[in-house]
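6 protein chains.
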Amino acid sequence: MRITVHRKAHFNAAHRLYRKDWDDDRNFEVFGKCSNPHYHGHNYELIVSVTGEPNLETGFVMDLKILKELIYDEVEEAFDHKNLNVEVPEFKELIPTAENIAVVIWNKLRTKIQEDHDLEVTLYETPRNFVSYKGE
Amino acid sequence: MRITVHRKAHFNAAHRLYRKDWDDDRNFEVFGKCSNPHYHGHNYELIVSVTGEPNLETGFVMDLKILKELIYDEVEEAFDHKNLNVEVPEFKELIPTAENIAVVIWNKLRTKIQEDHDLEVTLYETPRNFVSYKGE
Amino acid sequence: MRITVHRKAHFNAAHRLYRKDWDDDRNFEVFGKCSNPHYHGHNYELIVSVTGEPNLETGFVMDLKILKELIYDEVEEAFDHKNLNVEVPEFKELIPTAENIAVVIWNKLRTKIQEDHDLEVTLYETPRNFVSYKGE
Amino acid sequence: MRITVHRKAHFNAAHRLYRKDWDDDRNFEVFGKCSNPHYHGHNYELIVSVTGEPNLETGFVMDLKILKELIYDEVEEAFDHKNLNVEVPEFKELIPTAENIAVVIWNKLRTKIQEDHDLEVTLYETPRNFVSYKGE
Amino acid sequence: MRITVHRKAHFNAAHRLYRKDWDDDRNFEVFGKCSNPHYHGHNYELIVSVTGEPNLETGFVMDLKILKELIYDEVEEAFDHKNLNVEVPEFKELIPTAENIAVVIWNKLRTKIQEDHDLEVTLYETPRNFVSYKGE
Amino acid sequence: MRITVHRKAHFNAAHRLYRKDWDDDRNFEVFGKCSNPHYHGHNYELIVSVTGEPNLETGFVMDLKILKELIYDEVEEAFDHKNLNVEVPEFKELIPTAENIAVVIWNKLRTKIQEDHDLEVTLYETPRNFVSYKGE
Numbered sequence: 166m167r168i169t170v171h172r173k174a175h176f177n178a179a180h181r182l183y184r185k186d187w188d189d190d191r192n193f194e195v196f197g198k199c200s201n202p203h204y205h206g207h208n209y210e211l212i213v214s215v216t217g218e219p220n221l222e223t224g225f226v227m228d229l230k231i232l233k234e235l236i237y238d239e240v241e242e243a244f245d246h247k248n249l250n251v252e253v254p255e256f257k258e259l260i261p262t263a264e265n266i267a268v269v270i271w272n273k274l275r276t277k278i279q280e281d282h283d284l285e286v287t288l289y290e291t292p293r294n295f296v297s298y299k300g301e
Numbered sequence: 166m167r168i169t170v171h172r173k174a175h176f177n178a179a180h181r182l183y184r185k186d187w188d189d190d191r192n193f194e195v196f197g198k199c200s201n202p203h204y205h206g207h208n209y210e211l212i213v214s215v216t217g218e219p220n221l222e223t224g225f226v227m228d229l230k231i232l233k234e235l236i237y238d239e240v241e242e243a244f245d246h247k248n249l250n251v252e253v254p255e256f257k258e259l260i261p262t263a264e265n266i267a268v269v270i271w272n273k274l275r276t277k278i279q280e281d282h283d284l285e286v287t288l289y290e291t292p293r294n295f296v297s298y299k300g301e
Numbered sequence: 166m167r168i169t170v171h172r173k174a175h176f177n178a179a180h181r182l183y184r185k186d187w188d189d190d191r192n193f194e195v196f197g198k199c200s201n202p203h204y205h206g207h208n209y210e211l212i213v214s215v216t217g218e219p220n221l222e223t224g225f226v227m228d229l230k231i232l233k234e235l236i237y238d239e240v241e242e243a244f245d246h247k248n249l250n251v252e253v254p255e256f257k258e259l260i261p262t263a264e265n266i267a268v269v270i271w272n273k274l275r276t277k278i279q280e281d282h283d284l285e286v287t288l289y290e291t292p293r294n295f296v297s298y299k300g301e
Numbered sequence: 166m167r168i169t170v171h172r173k174a175h176f177n178a179a180h181r182l183y184r185k186d187w188d189d190d191r192n193f194e195v196f197g198k199c200s201n202p203h204y205h206g207h208n209y210e211l212i213v214s215v216t217g218e219p220n221l222e223t224g225f226v227m228d229l230k231i232l233k234e235l236i237y238d239e240v241e242e243a244f245d246h247k248n249l250n251v252e253v254p255e256f257k258e259l260i261p262t263a264e265n266i267a268v269v270i271w272n273k274l275r276t277k278i279q280e281d282h283d284l285e286v287t288l289y290e291t292p293r294n295f296v297s298y299k300g301e
Numbered sequence: 166m167r168i169t170v171h172r173k174a175h176f177n178a179a180h181r182l183y184r185k186d187w188d189d190d191r192n193f194e195v196f197g198k199c200s201n202p203h204y205h206g207h208n209y210e211l212i213v214s215v216t217g218e219p220n221l222e223t224g225f226v227m228d229l230k231i232l233k234e235l236i237y238d239e240v241e242e243a244f245d246h247k248n249l250n251v252e253v254p255e256f257k258e259l260i261p262t263a264e265n266i267a268v269v270i271w272n273k274l275r276t277k278i279q280e281d282h283d284l285e286v287t288l289y290e291t292p293r294n295f296v297s298y299k300g301e
Numbered sequence: 166m167r168i169t170v171h172r173k174a175h176f177n178a179a180h181r182l183y184r185k186d187w188d189d190d191r192n193f194e195v196f197g198k199c200s201n202p203h204y205h206g207h208n209y210e211l212i213v214s215v216t217g218e219p220n221l222e223t224g225f226v227m228d229l230k231i232l233k234e235l236i237y238d239e240v241e242e243a244f245d246h247k248n249l250n251v252e253v254p255e256f257k258e259l260i261p262t263a264e265n266i267a268v269v270i271w272n273k274l275r276t277k278i279q280e281d282h283d284l285e286v287t288l289y290e291t292p293r294n295f296v297s298y299k300g301e
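Residue numbers (my numbering), protein chains in the order written: chain A, 166 to 301; chain B, 166 to 301; chain C, 166 to 301; chain D, 166 to 301; chain E, 166 to 301; chain F, 166 to 301.
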């Protein structure tokens, strides 16, 4: 019997989509307003989903208090109220698109989640634009 | 051609997470505030998802009026404004974690849904904590 | 120039609507399923609204970090994961209807908010039932 | 590495569920209030999900600005503020149930989305009734 | 002591904005796509707010079960799954704009609500367009 | 007869809360993480509310298509995907707190709205922190 538990969290951050090896015009052509050199920002909403067998003693797949703390330590502490391009090492050479942020979060959490549990990450950049990644 | 239809419902209930064979200290250690002997409660939001071939005559996978009534009879009548630990027989010997409530709901509905239809249940205990189960 | 700042919080609690001086039948007649002697519960959503002049130096009517902590200390610590009837002194002799819970919260916060600021409290018992109170 | 990007859109439309080859009584028996000959309507919410490999240069699975425009051209222009039964050719001989609307949208978008990308469509007819289809 | 209780409800309806004494061109010029002669529709969300003194015995301003039934009888029964222009007598000579629908609802409910209670109606035509009316 | 019409819009922006005449330590003491020199950002949600008499011919207080365009021209064009501190002239000498942003938006819209109409602006910085201003 496999069940999925989901925990929702959020963080606010600034970012900019651009490639250093392209000039401003090409960046604007590809990334539009998102390439603004002065940055813009979002309230990111994050859903972390963990799938596995419930523990027989507790009825928990994973204690959601522990998942909440893990998300706090790995994601909120690292990203909240930050400029993703400037202050978050993972995005020094990686464009902080929603896709890439989701993959970075998945990679950070994957090492901390029990190995036989599946992991999926859904990241809302806005209420209308969101991405999901499950390590496939 | 397989399509999934989803119906959202809700119920309000009190519960407590604890094991009778553990003392209050151990229960508090594992279940935290959720082990409060005086109970606490939630507005549970439920999404029931049924997947199958649409009927050629009606265009319906399953008439959502019938699914709505089924959820009312099997879940809302049984759980709404109830104390899950005290008044719902399924939780006499089973801890009413979100995981276990989702499995109980899935089992109740499974027998009433057409056999060649797949069934998934998603249960929100709070807007930030939720679980899903599809009988695998 | 008067501006209103709003802060949203939440807590989960069990309650029961009944009068000790009425028998179970009369309680059921008036309060319906909400009078269930075994309790039921809700995810209460709370919006606290404070109106006043913004501070000239900071641009803040009231620092929302301080309002967040105040709500935590006065409301969440006192009500979250509690049985309102049994564990919260204010409801020993007062029926914990949404109306009365809102008034109790307003009274607790009023003494901690700057005197020349107006205060309003909105409390959602469910997404469809809610109340508001501004001390008038 | 496969990631899913999701874009949310909406449109308002009138519709009626009925079969021309059934009389009003049989239509009412099967489709209830939804068979009202004078039509009723909905604010449809649509989520389009595209799964594929992110582009190495841009970090995008699919540019969401392009997906937004595609949904505008294929779905909003065709369905918004329309009477689905009367004005949308696809429903001349097809009952505009949520299931069928989702399939029609999926078919329209499928030809415009890169072939090696997977496509899923979720359509909310109301906040409580919704369907999803992924072309299987 | 005056408290406001709010109850949320919803109904789905078709409508069209136009004046019989204007031709189609002028109607389109003023009402745009909303003047479509074939109708379009919405999921209307309604919030009814009643302000008054709580009853000393029950702690209720107004029993929300009674308010729920009143909204059902006066609004949902009359408007849900209807074509407002064709089937609802109040809109035979009145354009069913959100403003006018809100006033019609307010007038219908005003006669059924205790006289010393204030009444306000908020009507969402879409999540982005809504109106409120309090009889002033 | 006075009715309020509301229109919801949104924009994404970066900002930083700080006073140039304070050093970083004092800024951090007062504004906390919001003073981050590298900026952070938000998805701002905006509700603009206009109160007045409905037009006798159209049933509109104010055509919501015109209000939508006005918000687009005055707010979205000016703020969306911008760094409020660096790129928006109104915040050159004014801290972009939610309170101040709301007042700036109100002032911009006030000159464009019919004089005998009342105006209120509600601005969500996050789903839990928001402000409202009506020019009093």
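Here a beta-carbon is modelled for each residue, glycine too, at the ideal position from N, C-alpha and C. Since this is a predicted model, take the numbers as computed values, not measurements.
According to the DSSP assignment, Ile168/F belongs to the beta strand (DSSP E) that extends over 168-180. Neighbours of Val195/C in chain E, taken as residues whose beta carbon is under 7 Å from its own, are Thr223 in chain order. Looking at the backbone, the Cα of Leu249/C and that of Glu264/C are separated by about 14 Å.
Counting only runs of 3+ residues, the beta strand (DSSP E) found wholly inside the segment 180-243 of chain B occupies 205-217, in chain order.
Here Leu221/F is exposed, its C-beta having fewer than 16 other C-beta atoms within 10 Å.
Contact between the segment 268-275 of chain A and the segment 271-278 of chain C is absent, with fewer than three C-beta pairs closer than 8 Å.
Annotation for Tyr237/F: no residue places its beta carbon closer than 6 Å to its own, counting only its chain and skipping 5 residues before and after. Closer than 8 Å to the CB of Asn248/C there is at least one CB belonging to chain B. The continuous alpha helix (DSSP H) containing Val251/B extends over residues 249-252.
The beta carbon of His171/F sits closer than 8 Å to some beta carbon of chain E.
For the pair Gly224/D and Thr262/A, the CB atoms are nearer than the 8 Å cut-off. The count of Cβ pairs closer than 8 Å, one atom from the segment 239-259 of chain C and one from the segment 202-213 of chain B, reaches three, so the stretches are in contact. Rounded to the nearest angstrom, the Cβ distance from Glu301/C to Arg167/E is 5 Å, consistent with a contact under 8 Å. When secondary structure is reduced to three states using DSSP, Leu284/C falls in the strand class.
In this structure, DSSP gives Glu290/D an extended state, which the three-state scheme calls strand. By the neighbour-count criterion, in which a residue is buried when 16 or more other Cβ atoms sit within 10 angstroms of its Cβ, Arg191/B is exposed. Linking Lys173/C to Tyr298/B through their CA atoms gives a straight-line distance of about 31 Å.
Identification of chain C residues near Phe256/F by a Cβ-Cβ cut-off of 7 Å yields none; the smallest Cβ-Cβ distance measures about 10 Å. Using a CB distance below 8 Å, the part of the segment 172-184 of chain D facing chain E consists of His175, Asn177, Ala178, Ala179, His180, ordered along the chain. Neighbours of Lys230/B across chain D, judged by C-beta separation under 7 Å: Gly197.
For Leu259/C, there is no enclosing alpha helix (DSSP H), as DSSP marks it with neither H nor E.
Within the same chain, Val253 come within 7 Å of Ala243/C by CB-CB distance, once the 5 residues on both sides are set aside. The beta carbon of Cys199/F sits closer than 6 Å to the beta carbons of Leu182 from its chain, once the five residues preceding and following it are set aside; these are given in chain order. A straight line joining the alpha-carbon of Asp188/F with that of Asn294/A spans about 38 Å.
By the rule that beta-carbons nearer than 8 Å mark a contact, Val251/B touches chain C. With a threshold of 16 other beta carbon atoms within 10 Å, Ile266/A meets it and is buried. Within 8 Å of the CB of Ile278/E, no CB atom of chain C is found; the nearest one sits about 16 Å away.
Using a Cβ-Cβ cut-off of 8 Å, His205/B counts as an interface residue toward chain C, since at least one Cβ of chain C sits closer than that to its own. Distances from the alpha-carbon of Ser214/F to those of Asp186/F, Asn208/F, Leu235/F put Leu235/F closest. Nearest C-alpha to Gly197/E among Leu229/F, Thr287/F, Phe193/F: Leu229/F.
Glu285/E is classed as buried because its beta carbon has at least 16 other beta carbons within 10 Å across all chains shown.
Neighbourhood of Thr291/F in chain A, by CB distance below 9 Å: His175, Asn177, Asn208, in chain order. Closest in C-alpha terms to Ala179/E, from the list Phe193/E, Tyr209/E, His171/E, comes Tyr209/E. The Cβ atoms of Val170/D and Val240/D lie no closer than 8 Å to each other.
Apart from the 5 residues on each side of it in sequence, Pro219/D sits with its Cβ closer than 8 Å to the Cβ of Met166, Ile168, Phe225, Val226 in its chain, given in chain order. Interface annotation, Ile236/E: not in contact with chain C, CB-CB separation never under 8 Å.
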